[in-house]
Each structure stands twice: as C-alpha cells, then as structure tokens.
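A.B. asks: First to last, the sequence lines map onto chains L and W. Each residue of the first sequence is one higher than the last, beginning at 1 in our numbering. Each residue of the second sequence is one higher than the last, beginning at 275 in our numbering. Below is one structure. I have some questions about it.
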Amino acid sequence: MVLELLQSLSEMQLVGELTVLSLLIGGIIMAGGIITAKIAKLLFHKYYAPSLPKDTAQNISKLIYFGILIVSFLGFTSSQGIDLSGIMVAGGIFAVVIGFATQSVVSNLISGLFLIVEKPAKHGDTIDLPDMGISGTLLDIGTFSSKVRRFDGTVTRIPNDKFFTSNIRSLTLSTVRRADAVVGISYHSDIENAILVMKNEILQTMPFVLQIPEPEFRIDELGDSSVNIHVFVWYPKDDWSQAQPILLATLKRALDNASIEIPFPQRVIWSGKD
Amino acid sequence: MKTMSDASEITFSNYGIYDLSDNLELLLPNTLIKFQRISGNAFSYFRENSEGEIIEKIIPTESNDVKIELVPIQPLNHPAKRTNYVFLKLDKEIHLGENSAASIFVHCPIEIGIFLIYDDNHEPLDWVTCNPLNSRFSLYGSPDTGTLCKYAEVSLATDYDDSVSYVNGVMHIVIENTLSFAQTISKVIFPITDNNLYYNNSKSIIDGIKITMKKRAAVNIAEVKQLLWILSGP
Numbered sequence: 001m002v003l004e005l006l007q008s009l010s011e012m013q014l015v016g017e018l019t020v021l022s023l024l025i026g027g028i029i030m031a032g033g034i035i036t037a038k039i040a041k042l043l044f045h046k047y048y049a050p051s052l053p054k055d056t057a058q059n060i061s062k063l064i065y066f067g068i069l070i071v072s073f074l075g076f077t078s079s080q081g082i083d084l085s086g087i088m089v090a091g092g093i094f095a096v097v098i099g100f101a102t103q104s105v106v107s108n109l110i111s112g113l114f115l116i117v118e119k120p121a122k123h124g125d126t127i128d129l130p131d132m133g134i135s136g137t138l139l140d141i142g143t144f145s146s147k148v149r150r151f152d153g154t155v156t157r158i159p160n161d162k163f164f165t166s167n168i169r170s171l172t173l174s175t176v177r178r179a180d181a182v183v184g185i186s187y188h189s190d191i192e193n194a195i196l197v198m199k200n201e202i203l204q205t206m207p208f209v210l211q212i213p214e215p216e217f218r219i220d221e222l223g224d225s226s227v228n229i230h231v232f233v234w235y236p237k238d239d240w241s242q243a244q245p246i247l248l249a250t251l252k253r254a255l256d257n258a259s260i261e262i263p264f265p266q267r268v269i270w271s272g273k274d
Numbered sequence: 275m276k277t278m279s280d281a282s283e284i285t286f287s288n289y290g291i292y293d294l295s296d297n298l299e300l301l302l303p304n305t306l307i308k309f310q311r312i313s314g315n316a317f318s319y320f321r322e323n324s325e326g327e328i329i330e331k332i333i334p335t336e337s338n339d340v341k342i343e344l345v346p347i348q349p350l351n352h353p354a355k356r357t358n359y360v361f362l363k364l365d366k367e368i369h370l371g372e373n374s375a376a377s378i379f380v381h382c383p384i385e386i387g388i389f390l391i392y393d394d395n396h397e398p399l400d401w402v403t404c405n406p407l408n409s410r411f412s413l414y415g416s417p418d419t420g421t422l423c424k425y426a427e428v429s430l431a432t433d434y435d436d437s438v439s440y441v442n443g444v445m446h447i448v449i450e451n452t453l454s455f456a457q458t459i460s461k462v463i464f465p466i467t468d469n470n471l472y473y474n475n476s477k478s479i480i481d482g483i484k485i486t487m488k489k490r491a492a493v494n495i496a497e498v499k500q501l502l503w504i505l506s507g508p
C-alpha cells in the first residue's frame, strides 16, 4: 500500500524531473534539519552555554544553528537533483552586484566577525567610546551591530564597522581604577596639614579606597584664590560608586573638620591713587 | 551599644553554637546581634555594627530545632567580597640570610560569621567585622594585571594564644630562604580560602603557610604551601 503510494508520488512530475516524492523527501530533509538545528541549539544552551562567556555562547549557538541549516539545505538541493554550479556562477555575479549595493552591511558583518575574534570588550564590560560620546555596559556584539546600555538605562545600537574602528576604552579590564578630584585651600593654610587630614579622612571613611597604592596628592596649581590640590585614589574596578561620587564630599568634610578654609574666588583691586 | 573602649566592662559572647529557642542576644565588640521568635516557626534577626549599619531579616523555618553558630571566618567579606587574596603587611621587616629559615606567628585579621543550623543544614546568615578600620583593599602588582587583595597591617604574635579576641587570629608562617643571597620580607600575599580557622572561646587560630624562596631556572620565586594547624599545632 505504502509502496504503491510512493510509486504514484514518484511518477507525479511537477516541473522537469521534479516529482512530488523528491519534493516530499526534500521537505523531510529540511524539516529534519530545522528540528535538529533547534534541538542542537537548545541542548547547547542548556548544557554548555552556562559555562561559556555570554557572547561566545551566542556566537557558537548561531554557528551550530546556521551550520546545520546550511548542511540541510545542501542535502535538500542534492535530493532534488539541482546542480548548484550554475547557481554558483550566477550567484557570483549577483554577489558582486549586491556587494556594491550593500557595502555597509558587508562591512558591518566583517567587522562583527573581527570583533568576535579580537574581543576588545566582552558582554557585561563597562566601556567608553569617546569618539561617539557613548559610555555604558556592552550588552551584545551581534552579526551586524552591537548594543550598549548607557548609564541612563537607554540602549544604543552601534553598527559594527563604527564600533570596530572607534577607540574603545574598557573601564573593567583592569583590576583597579582611579578616581580624582581637585580641591583648593587658602594660601595661608598649611599644605602638609591639609594633605594629612584629607588622607586620614579618606582612609578611615572610604573603605573601598586602596591602601596600596595609597592616595596621592599633587599640588596642581597656585590658582588665583587658592592652592589647588589634585587628589587621586584607587578603588576596585566595580566600585566606582563607592569612590568617585563621594570623594569630593569626603575631602570637604576633612577640611571643614580641621577648619581649613576652602576660599571663594577673590580679587584685590588697587586704585590708581594708592 | 557598648563601644570598644567599654570592652573591659562587659562580657562578649564566645564563639560556639547557641540554641535558638525564643530570644537570643549575642554581643560582640561594637556589634549587637538579636534573634527573636515572631511566630511559631519564624524568627527575626537584627544586627547593628559600629558604623551604625543595621541589618534586619526574617527567618522562616520548618524545623523546631534551630541553632546559631558564631565562628571566626576568613577576612574576605567586609566591605564587600571582591577577592580571595590577603595582603599582610608586616609591621617589622624580617631579614633572612642565605640558606636560612624563620618561623613566626602573626596576627591575621578575621571576620565573624553567623550561621544558621537546622536539620542537616548549615547556612551562612550574616557576617560582621569588629575592626572595620583594618578591613581594606590593596593592589599587588600593576593596575591592569595585578591582584586585588584584602589588606591589613599585622604585628608579630608570640604564640598561638596571643590573638586579640574577635579581631584577629594567630597564624604561623614559616619562611625558608634557599637562595644564595639574603632577603628582606615585608609583606605576605596569598589566597586565604584554603586556610581553615579554629576557635576556642573567643580566641582563634588560622592555618599557617610555608613560604620557600627558591630559584627555578633563571627566576627567583616564592612558593607558598599551606600548613595545617591541626597537624603542626600544639
């Protein structure tokens, strides 16, 4: 019964040598390929992806999925007796035409591949793109574009070719980072004493500031109204919020407690008669 | 709350296991811990430390036999868990001549862990430090490739009984210099996660380490191995 059905299907020609049976077999191959690709992707995500970096896992997942689909497609074409060599030639000419028309798309694709290989930053890194004025957390390096979640919560999509060719400043690649602030003290204040009280206050009240390298103080400028001291402190890379935003307040508190004046801008005016 | 200066007037809670029947109050230097039964099988947890930080939790439990354990733990959690390494800066440098060895005891900072014990479970509930000013970070190496460490300036101890209760534990360090020239040791950096802690009343001991300075090919290295107190101790 089944054999007879298959026999009849193989005799039903659609176009040229294409029969209903061969089309059915091709469909089964493609369906099998799609199902296999989805299962392989699912198994990979379940058992292997958790142990890999997120962007690597995503790329391998895409490779597995589309690799199986391409193999299935090749199986499908060979089952239909389609000669791909003609398509290759036509495809080559077509690709040149399309290539000219879609330069930026191809450029993004190639840049995406280079980004994946070079890995200037990985998923979850905090980065700064000074050329574009974008800072935030890298969410994804995709096929054509990358996504950065900015500190205000919005997500910016950046074409990969722009991302690849721009300066990328990683804020999380180093073990520690440095915060700084400038504070001015009056000319009649004792500089050594001011530095000592600021240093003590930092080390006592800012637990995330590193003891080694210890806070550094540089006399930055003999300004119009004040002696400006530039203060540098180091902190663990993930603890920016425990250092930079509170540094200036800590310095002011230290100077206030020690009654060291932070002067207002002032100007001495001499009249001509004097 | 009593402060460190009042420490001589009051009795602090010892390390150990406490039954949690209805109410339980544990007192540590600069730290107050309270448990209170708020319903049949639920407790409230309250902790206030020297910096005025208050932690409150609700602990629902199905077990009728709940205990609390107060134990010294590795000093890695305050102000936040960022590393497994400690950087002990010795207050006095140790000079070691060629082919010589030294055996010293140091005061290594500790934190205090509060664990919940019920049925077969032993769960961490909270941790405190009684000396937050000696709980800081430092960097060993360069900013890009260096190692972040918990930092403490430590003094030498006389023996295993010389620890400061609730603040530090005594650690045995053996330093061996097999090089053909003298060395000065001013700091010790190592991962402390494999070093066990032991307690008796309010005193604590930490597994020691053995540091061997030797030449490997053309490079001078310091090899660090763990010294189990349970094997080397008294």
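Don't be surprised by glycine CBs; every beta carbon is placed ideally from N, CA and C.
Considering Phe411 (chain W), what are the terminal residues of the beta strand (DSSP E) in which it resides?
C.D. replies: Run containing Phe411 (chain W): 410-414, per the beta strand (DSSP E) assignment.
A.B. asks: Taking CB distances under 8 Å as the criterion, tell me whether Asp418 (chain W) reaches chain L.
C.D. replies: yes
A.B. asks: Checking contacts by CB at 8 Å: is Leu173 (chain L) closer than that to chain W?
C.D. replies: yes
A.B. asks: Does the distance from the C-beta atom of Ser10 (chain L) to that of Ser79 (chain L) stay below 8 Å?
C.D. replies: One thing to note: Ser10 (chain L) has its Cβ no nearer than 8 Å to the Cβ of Ser79 (chain L).
A.B. asks: Give the interface partners of Trp234 (chain L) over in chain W, defined as CB-CB distance under 8 Å, in chain order.
C.D. replies: Leu413, Pro417
A.B. asks: Could you spell out where the beta strand (DSSP E) holding Thr421 (chain W) opens and where it closes?
C.D. replies: 421-428
A.B. asks: Taking all protein chains shown into account, do 16 or more other C-beta atoms lie within 10 angstroms of the C-beta of Asp481 (chain W), making it buried, or fewer, making it exposed?
C.D. replies: buried
A.B. asks: Please list the residues of the stretch 196-220 of chain L that have a C-beta atom closer than 7 Å to any C-beta atom in chain W, keeping them in chain order.
C.D. replies: Flagged, chain order: Gln204, Pro207, Phe208, Leu210, Gln211, Ile212, Pro213.
A.B. asks: Measuring only between beta-carbons, confirm whether Ser324 (chain W) sits less than 8 Å from chain L.
C.D. replies: no
A.B. asks: Measuring only the C-alpha atoms, how far is Thr36 (chain L) from Thr56 (chain L)?
C.D. replies: 21 Å
A.B. asks: When the Cα atoms are used, what is the spatial distance from Phe464 (chain W) to Ile483 (chain W)?
C.D. replies: Per the coordinates, the alpha-carbon of Phe464 (chain W) lies some 9 Å from the alpha-carbon of Ile483 (chain W).
A.B. asks: Which chain L residues are close to Ser409 (chain W), counting only those with a beta carbon under 8 Å from its beta carbon?
C.D. replies: Pro207
A.B. asks: What first and last residue would you give for the alpha helix (DSSP H) that runs through Leu117 (chain L)?
C.D. replies: The amino acid at residue 117 (chain L) is misidentified as Leu; the sequence shows Val. Counting along the chain, the alpha helix (DSSP H) containing Val117 (chain L) begins and ends at 103-118.
A.B. asks: Do we get a CB-CB distance below 8 Å when we pair Val176 (chain L) with the residues of chain W?
C.D. replies: yes
A.B. asks: Could you give the distance in angstroms between the alpha-carbon of Met275 (chain W) and the alpha-carbon of Glu325 (chain W)?
C.D. replies: Because the pLDDT of Met275 (chain W) is 45, which lies under 50, any placement of that residue in the model is unreliable, and the question is left without a value.
A.B. asks: Starting from the beta carbon of Pro353 (chain W), find every residue of chain L whose beta carbon is closer than 7 Å, and list them in chain order.
C.D. replies: Pro207, Phe208
A.B. asks: Tell me where the alpha helix (DSSP H) around Leu255 (chain L) begins and ends.
C.D. replies: 244-257
A.B. asks: Mapping the DSSP letters down to three states, classify Thr277 (chain W) as helix, strand or coil.
C.D. replies: Note on Thr277 (chain W): pLDDT 46, under 50, position unreliable in the model; no value is reported.
A.B. asks: Do the CB positions of Thr156 (chain L) and Gly420 (chain W) come within less than 8 Å of each other?
C.D. replies: Contact: no.
A.B. asks: Measuring CB atoms only, is the stretch 218-233 of chain L touching the stretch 161-173 of chain L, in the sense that at least three cross pairs come out at less than 8 Å?
C.D. replies: no
A.B. asks: Would you mind telling me which residues of chain L sit closer than 7 Å to Pro303 (chain W), beta carbon to beta carbon, in chain order?
C.D. replies: Ordered by position in chain L, no residue passes the 7 Å Cβ test against Pro303 (chain W), which lies about 18 Å from the chain.
A.B. asks: Taking the alpha carbon of Ser318 (chain W) as the point to measure from, which residue in W:Thr285, W:Val360, W:Lys341, W:Pro334 has its own alpha carbon closest?
C.D. replies: W:Pro334
A.B. asks: Within the continuous beta strand (DSSP E) that includes Tyr319 (chain W), where are the two ends?
C.D. replies: 316-322
A.B. asks: Answer yes or no: does any C-beta atom of chain L fall closer than 8 Å to that of Tyr425 (chain W)?
C.D. replies: yes
A.B. asks: Label Pro513 (chain W) either buried or exposed according to how many other C-beta atoms from any shown protein chain fall within 10 Å of its C-beta, with 16 as the threshold for buried.
C.D. replies: In the structure as shown, chain W begins at 275 and stops at 508. Residue 513 (chain W) is therefore absent and cannot be evaluated.
A.B. asks: Compute the Euclidean distance between the alpha carbons of Ala316 (chain W) and Leu294 (chain W), then round it to the nearest angstrom.
C.D. replies: 11 Å
A.B. asks: Determine whether the Cβ of Thr421 (chain W) lies closer than 8 Å to any Cβ atom of chain L.
C.D. replies: yes
A.B. asks: What residues are listed by DSSP as bridge partners for Leu514 (chain W)?
C.D. replies: Lying before the first or after the last residue shown, residue 514 (chain W) is absent from chain W, which here runs from 275 to 508.
A.B. asks: Can you pull the chain L residues whose beta carbon is under 9 Å from the beta carbon of Pro406 (chain W), in chain order?
C.D. replies: Pro207
A.B. asks: Is it a yes or a no for the stretch 406-417 of chain W touching the stretch 431-438 of chain W, going by three-plus beta-carbon pairs under 8 Å?
C.D. replies: no
A.B. asks: Establish whether the CB of Met275 (chain W) and some CB of chain L are separated by less than 8 Å.
C.D. replies: Residue confidence is low: Met275 (chain W) scores 45 on pLDDT, short of 50, so the model does not pin down where it sits. Its coordinate-derived value is still stated next. No, Met275 (chain W) does not count as interfacial toward chain L.
A.B. asks: Of all the residues that make up the stretch 332-357 of chain W, which are near chain L by a beta-carbon distance shorter than 7 Å?
C.D. replies: Pro353, Arg356
A.B. asks: Name the two residues that bound the continuous beta strand (DSSP E) containing Ser241 (chain L).
C.D. replies: No beta strand (DSSP E) contains Ser241 (chain L), which DSSP labels as neither H nor E.
A.B. asks: With distance defined between alpha-carbon atoms, name the residue in W:Ile368, W:Lys488, W:Ser374 nearest to Leu430 (chain W).
C.D. replies: W:Ile368
A.B. asks: Measure the Cβ-Cβ separation of Ile168 (chain L) and Ile127 (chain L) and say whether it is below 8 Å.
C.D. replies: yes
A.B. asks: My understanding is that Ile195 (chain L) touches Ile262 (chain L), with C-beta atoms under 8 Å, so please give their C-beta distance in whole angstroms.
C.D. replies: Not a contact, Cβ separation roughly 14 Å.
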